[in-house]
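Student: So the number in the numbering used here is just where the residue sits in the sequence shown, counting from 1, plus 8.
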Amino acid sequence: MIAGLPLSKLFTDNLNMRWLENKQESILSAASIITIATIISALSGVLVKRLLIAQFGFGPDLEAFWIAFQIPDMMFQLIILGALSAAFIPIFTSRRKTDEQAAFKMSSIMMNLLLLVFICIGVVVFIFAKQITLLRTGDKITPEQIEIITNLTRVMLLSQFFFAISNFWTGILQSYHRFVIPALGSIMYNVGIMIGAYLFAQQYGIYAAGIGVVIGAFLHMGIQLPLVLKMGFRYAFTFDLRHDGIKEFFRLMPARFMALGAGEMRKLALGFFTTSLGNLSFSMMYLASNLMILPIRFTGTPLSQAALPFLSEESHHSESQHFRSLVLQSLNQISFLALPASVLLLILRLPVVRFAYGADGFPWEATLNTSWLVAIMTISVAAQALVQLLIRAFYALKDTVTPFVITAIDFILYCIIGGYLVFFTPFGIVGLAIATSVTAFVEFGLFLFLLNNKVKGLINRDFWIPQTKMIVASFLMAVFLYLPYRILDGLVFNTTRTIELIGLTITTGTIGMLVYLYFAALFDIKELQIFTKFLSKFRQKSKSLAQTPEVVVDTTIEDSGI
Numbered sequence: 009m010i011a012g013l014p015l016s017k018l019f020t021d022n023l024n025m026r027w028l029e030n031k032q033e034s035i036l037s038a039a040s041i042i043t044i045a046t047i048i049s050a051l052s053g054v055l056v057k058r059l060l061i062a063q064f065g066f067g068p069d070l071e072a073f074w075i076a077f078q079i080p081d082m083m084f085q086l087i088i089l090g091a092l093s094a095a096f097i098p099i100f101t102s103r104r105k106t107d108e109q110a111a112f113k114m115s116s117i118m119m120n121l122l123l124l125v126f127i128c129i130g131v132v133v134f135i136f137a138k139q140i141t142l143l144r145t146g147d148k149i150t151p152e153q154i155e156i157i158t159n160l161t162r163v164m165l166l167s168q169f170f171f172a173i174s175n176f177w178t179g180i181l182q183s184y185h186r187f188v189i190p191a192l193g194s195i196m197y198n199v200g201i202m203i204g205a206y207l208f209a210q211q212y213g214i215y216a217a218g219i220g221v222v223i224g225a226f227l228h229m230g231i232q233l234p235l236v237l238k239m240g241f242r243y244a245f246t247f248d249l250r251h252d253g254i255k256e257f258f259r260l261m262p263a264r265f266m267a268l269g270a271g272e273m274r275k276l277a278l279g280f281f282t283t284s285l286g287n288l289s290f291s292m293m294y295l296a297s298n299l300m301i302l303p304i305r306f307t308g309t310p311l312s313q314a315a316l317p318f319l320s321e322e323s324h325h326s327e328s329q330h331f332r333s334l335v336l337q338s339l340n341q342i343s344f345l346a347l348p349a350s351v352l353l354l355i356l357r358l359p360v361v362r363f364a365y366g367a368d369g370f371p372w373e374a375t376l377n378t379s380w381l382v383a384i385m386t387i388s389v390a391a392q393a394l395v396q397l398l399i400r401a402f403y404a405l406k407d408t409v410t411p412f413v414i415t416a417i418d419f420i421l422y423c424i425i426g427g428y429l430v431f432f433t434p435f436g437i438v439g440l441a442i443a444t445s446v447t448a449f450v451e452f453g454l455f456l457f458l459l460n461n462k463v464k465g466l467i468n469r470d471f472w473i474p475q476t477k478m479i480v481a482s483f484l485m486a487v488f489l490y491l492p493y494r495i496l497d498g499l500v501f502n503t504t505r506t507i508e509l510i511g512l513t514i515t516t517g518t519i520g521m522l523v524y525l526y527f528a529a530l531f532d533i534k535e536l537q538i539f540t541k542f543l544s545k546f547r548q549k550s551k552s553l554a555q556t557p558e559v560v561v562d563t564t565i566e567d568s569g570i
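1) For E108, I'd like the list of residues in its chain whose CB is within less than 8 angstroms of its CB, leaving aside the five on either flank, ordered along the chain.
2) Report yes if the CB atom of T145 is closer than 8 angstroms to the CB atom of G253, and no otherwise.
3) Taking the alpha-carbon positions, what's the L522 to L358 distance?
4) Go ahead and pull the three-state DSSP assignment for F331.
5) Return the CA-CA distance between I48 and P80, expressed in angstroms with no decimal places.
6) Output the distance between the C-alpha atoms of W380 and V438, rounded to the nearest integer angstrom.
7) What is the DSSP secondary structure of F527, counted as helix, strand or coil?
8) For a quick check, are the C-beta atoms of I157 and A277 less than 8 angstroms apart?
9) Taking Cβ to Cβ, would you say V221 is nearer than 8 angstroms to S167?
10) With which residues is F501 paired in a DSSP beta bridge?
11) How about M485 and V351: do their beta carbons lie closer than 8 angstroms?
12) Measure the alpha-carbon distance for A216 versus K138 and round it to whole angstroms.
13) Going by DSSP in three states, P262 sits in which element: helix, strand or coil?
14) Taking only runs that begin and end inside the segment 404–475, name each unbroken alpha helix (DSSP H) of 4 or more residues, in chain order.
15) Grab the span of the alpha helix (DSSP H) containing H228 for me, first residue to last.
16) What are the complete alpha helix (DSSP H) segments, minimum 4 residues, inside the segment 91–153?
17) Buried or exposed for N468, please, with buried defined as at least 16 other CB atoms from any protein chain shown within 10 angstroms of its CB.
18) Exposed or buried, R259, counting other C-beta atoms within 10 Å across all chains shown (16 or more means buried)?
19) Pull up the CB-CB distance for M292 and T378, whole angstroms please, since I reckon it's below 8 angstroms.
20) Measuring only the C-alpha atoms, how far is E508 from S333?
21) Just how far apart, CA to CA, sit T506 and F363?
22) Please classify G253: does DSSP put it in a helix, a strand, or coil?
23) Determine, using beta carbons only, whether K57 and L295 come nearer to each other than 8 angstroms.
24) For the segment 217–237 against the segment 167–186, do three or more pairs of beta-carbon atoms, one drawn from each stretch, fall closer than 8 angstroms, so that the two count as touching?
25) Which value, in whole angstroms, describes the spacing of the CA atoms of G193 and F64?
26) Quick test of your reading: G224 and N198, contact by CB under 8 angstroms. State the CB separation rounded to the nearest angstrom.
27) What did DSSP end up calling D81 once you bin it into helix, strand or coil?
28) Can you tell me whether R242 is buried or exposed? The criterion is at least 16 other CB atoms within 10 Å of its CB, across all chains shown.
29) Would you report the Cα separation of K113 and M82, rounded to the nearest angstrom?
30) Near T307, what residues of its chain come up, given a Cβ to Cβ distance below 7 angstroms and the 5 sequence neighbours on each side ignored?
31) In whole angstroms, what separates the C-alpha of S16 from that of G200?
If you want it as structure tokens, here you go:
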């Protein structure tokens, strides 16, 4: 305290940090905040994996750590994240408009109920961790790996408890259109893992990574506490099951729980298939999936997360022009970003894998195998990115049954295709990558078709024409990206050196993006104008993006082509 002024206020004012608490008024401004933080988080995540490979080697111990994370993460996804995305945010958003304190009370009730369930299941998992591990792994897993997986599963249960609390706070802040602090949480999570791995590796070996996960989850929670308190949240220890919001929550949650369950079972199926193949197949598939998902995290996830509160506010008017406009705009904006991003990763997959994981402990054979897995799965990146928005559109309309049915179909199809290709063909691990892409396209098609039935007139020429233009522009980009990549690789850049490898990636990537932007302008793709307008406003204003009410408010289907 200085002269009666709280130190927190003095620090914030003097360092002009108020932008951290500002409200984002449009989907693009909110998505931009999330995207920037996501890029930083993704880069730190890549650094974490490279650090772990360098620290512990690309071997069975590190694979055991990644496998161990599945069950604690599955508990979090099913019990907490499902409630937030499908039920909590839409219900909280609608109720805080009429009675903010009642909405906060409802959030405490939900948090208490779900944490109680989480703790009860966590105790069971802690006790029977070894039996669960034996059930979900194939015959190529070693006894030493079983022991490590069992112990790390128990350690990382604590991290998911912290995540459970912090993600409730994330839901509250996003309902108020505050996206900066929640987006920074994932960065702090990666920082925590690096701290744990660095400080405790010599003493605890691979278990240091598990300790780091717990530290990171605690930081993820702690960074959000000040702002969620400032928004007015006050924790209440109550289990009032008669609250109207809780009744609505229980009505929406079962279908979402089952939908997520199908998705999580798919991850367990992947674990079983890969540990049946052996040869560190799980590790290669895990690393390839983490690279494949980057374009989705940079495009589909930020725009979809940012769109959910806006869609929830319009959910009572699903037949309105504005609701259709929001969904259609977001779909086209995601495609405009996801398609070229997937092309970049497809063509530049080998240098990207080398740059991301090419530590001394990562062998060349693993680099080649991982890059091929990335290539096959990247084909479906745009479809997976669009599903992020489509599924949230259903949640905004408080329809959790349809996503469950589609996800269940996706899981069954994945098991059939993946199991056949793994056990009855020579494809091996490549078969799992093929199954991933095939089922992604099927899932996207089902979501799009059924949402169009629910929101009449959603899929029309304003969707197909821009999408076709963007696909053609992306194809031409791929052609003009591949040619200079092949020419420059070896003739100009010596890619055995890290600096020149980065130079090749940046040079060819820049050429590819310029080609895409050229054809986007040539084909008059309106999304280019939207993002150009947004970036122009971003440069001109010294204030936060929160004060830029562009795009969603100003743009209509007729004048934007989306």
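Even glycine gets a Cβ: it sits at the ideal position worked out from N, Cα and C.
Tutor: Based on what the coordinates show:
1) G240
2) no
3) 21 angstroms
4) helix
5) 25 angstroms
6) 8 angstroms
7) helix
8) no
9) yes
10) D497
11) yes
12) 20 angstroms
13) helix
14) 409–431, 437–462
15) 215–230
16) 97–104, 108–135, 137–144
17) exposed
18) exposed
19) 5 angstroms
20) 45 angstroms
21) 7 angstroms
22) helix
23) yes
24) yes
25) 26 angstroms
26) 6 angstroms
27) helix
28) exposed
29) 27 angstroms
30) I342, L345, A346, A349, A393
31) Caution applies to S16, whose pLDDT of 39 falls short of 50 and renders its modelled position unreliable; the model cannot decide the point.
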